[in-house]
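Asks:
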Amino acid sequence: MEWLTRSLSAPLPSLSSKIITKLFDNSLPSKMTDPHYADMKQHKRDYDWLECVAYAHYCIPKKCACGGPTTVETDERGRNYYACKVYEDDGFHIRHGCFSAIEEELNELKKQYCEEVSLRCKLQYELAVMSTEIKELKKLIMGSR
């Protein structure tokens, strides 16, 4: 037991903090200086932008293809549109009718609901089959004793 107390109380070799930080800084690349990390972040931003462009005229738009926010605007006939705040008729900005956007969104929600209902029915059937198998296994175990 004495050797343990001696080894714990022994002084540690002293290294300057500069040497320690150099050892650790050179061994692992920082996220900010790693070129792969910067490329990965840029690819993610590009993908997010392309997704925004691809789904710009489908359902209720979250933001414009240019990256700007969308608002609800009314034209002179009284029809509502989801439009970019800096809308220009040059093809780079969104102007989507509210009625059709809500209708598309509702159809999408109906599809999701149908998928969830079918999944729930499938899981209920599997649960019933498993419970009957468990009952049969219990009978076999109790019968063998």
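Mapping the sequence shown onto the working numbering, position 124 (from 1) lands on 140, and the numbers just tick up by one. Every residue gets a Cβ at the ideal spot worked out from N, C-alpha and C, and that includes glycine.
Is G107 helix, strand or coil by DSSP?
Replies: coil
Asks: For I157, count the other beta carbons within 10 Å of its own beta carbon; 16 or more makes it buried, fewer makes it exposed. Which is it?
Replies: Burial check for I157: the Cβ neighbour count within 10 Å stays below 16, so the residue is exposed.
Asks: Identify, in the order they occur along the chain, each residue of the same chain with its Cβ nearer than 6 Å to the Cβ of V69, setting aside the five sequence neighbours on each side.
Replies: Hits under 6 Å: A81.
Asks: With H, G and I counted as helix, E and B as strand and the rest as coil, what does DSSP make of G113?
Replies: In the structure shown, G113 sits in a strand (DSSP, three-state: E or B).
Asks: Checking the sheet assignment: what are the DSSP bridge partners for A99?
Replies: T87 and R111
Asks: For F108, which option in C114, C100 and F115 has the closest C-alpha, if you only look at C-alpha atoms?
Replies: C100
Asks: Taking I110 as the reference, give the member of I76, L143, Y129 and Y141 with the closest Cα.
Replies: Nearest option by C-alpha distance: I76.
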